[in-house]
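Notes follow once the structure below has been shown.
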Amino acid sequence: MNQSNSHGYLTVFIFLIYILPSIAVSFLIINFWFCFFFQCLGYQSLFLFLSTIFLGITICFWFSFSTVKIIDYLSSQPKKEEITLTPISKRKQISLYVIDFFIASFFYNILTRVYLLLHPERIPLKGDEIFGGYFVVGLVYFVASTYFFGKTLGNLITNSSFVSSIGGKPTLRQIVKRTLTLFVPYNFISIFGAHIPYHDYFSKTHVVENKNIQTSRKNPNIQLT
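Right under this line is the structure:
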C-alpha cells in the first residue's frame, strides 16, 4: 500500500469516526437551545432559518478543524527508509576478532609494564592478576570504543561497523552484553559454525560492511542480506 492511499483511508476513517459524530452532537446541542428559546417565543420560521445557518457553520468549523488535525498528524509522522545492510564475511569476522584481541593485549602489556615499573615488588604477577588485568583492559577497550565511536580499531581496519539488530547505534546494555560474551571460553568457535556469532546473537547486534550503510531516519527498517 503506497503512502497516498494510506493517507486517503486515514482521512475517511477520521471523517467517519470523528467529524460526523461531532457534527451530530453539535447540531443536537444547538437544536436543543434554539427549541427552548425560539419556540417559547413563537418564532418558528426564525428558528428554522437560524438553525440551518448554525448547522452550516458547525459543519464548516469541524471540517476545517479536523482537516488541520489530519494534516498535522500526517506531517508529524517520521518517514521510514528501508536500507539493506550486508554482514561482514567469515574471513572478516575472524580478522576482526583477532585484531581487536591483539590490540587489547597490546594495551594490557603497556599498562602492565607501567604498573610494574611503579610497583616492582609485585613482580611476578600471579595468574589471576594477569587474567583479571587483561579482562578489565579488554572490557574498557571494547565498551569505550564501541559506545563513544561506534567501532573499534579492528572495525577501522576491516572497514566495518556495529549496528543494533533494530537499526541505529547499539545501546550501552547491548555493548556490555556483547563484550562479556566475547570473553566466554570457546566463543571464538561460533564464528566458524554459527550464522551469527554468539556475541552478536545474545546482544542482538550485527557487524556490517561500511559501504552498505546509508543515512536513515530515526526508525529505519533494516534488512540483513
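Numbering (my numbering), first residue to last: 540 to 764.
The beta carbon of each residue, even a glycine, is placed where N, CA and C say it ideally should be.
Rounded to the nearest angstrom, how far is the Cβ of residue i from that of residue j, given a contact under 8 Å?
i, j, result
"phenylalanine 701", "valine 746", "6 Å"
"histidine 738", "threonine 710", "No, histidine 738 and threonine 710 are not in contact; Cβ-Cβ is about 15 Å, not under 8 Å."
"valine 676", "tyrosine 647", "4 Å"
"tyrosine 686", "isoleucine 730", "Rounded, the Cβ-Cβ distance is 23 Å, inconsistent with contact."
Please determine, among the options, the residue with the shortest C-alpha to C-alpha distance to residue i.
i, options, result
"glutamate 779", "Ile642, Thr651, Val637", "The requested residue 779 does not occur in the structure, where the chain is confined to residues 540 to 764."
"isoleucine 633", "Ser742, Phe722, Pro736", "Pro736"
"valine 723", "Leu635, Leu664, Phe674", "Phe674"
"arginine 712", "Leu695, Phe688, Phe741, Asn694", "Phe741"
"phenylalanine 645", "Lys716, Gly672, Tyr725", "Gly672"
Can you look up residue i in the DSSP assignment and give me helix, strand or coil?
i, result
"threonine 744", "strand"
"serine 605", "Here serine 605 scores only 48 on pLDDT, less than 50, and its place in the model is too uncertain to base an answer on."
"proline 663", "coil"
Are the Cβ atoms of residue i and residue j separated by less than 8 Å?
i, j, result
"serine 678", "threonine 625", "Before going further, note that residue 678 is leucine rather than serine in the sequence given. No. Outside cutoff."
"serine 699", "lysine 631", "yes"
"glycine 693", "isoleucine 642", "yes"
"glycine 689", "lysine 665", "no"
"isoleucine 638", "glutamate 748", "no"
Continuous beta strand (DSSP E) assignments of at least 3 residues falling wholly in the stretch 687-734: 699-703
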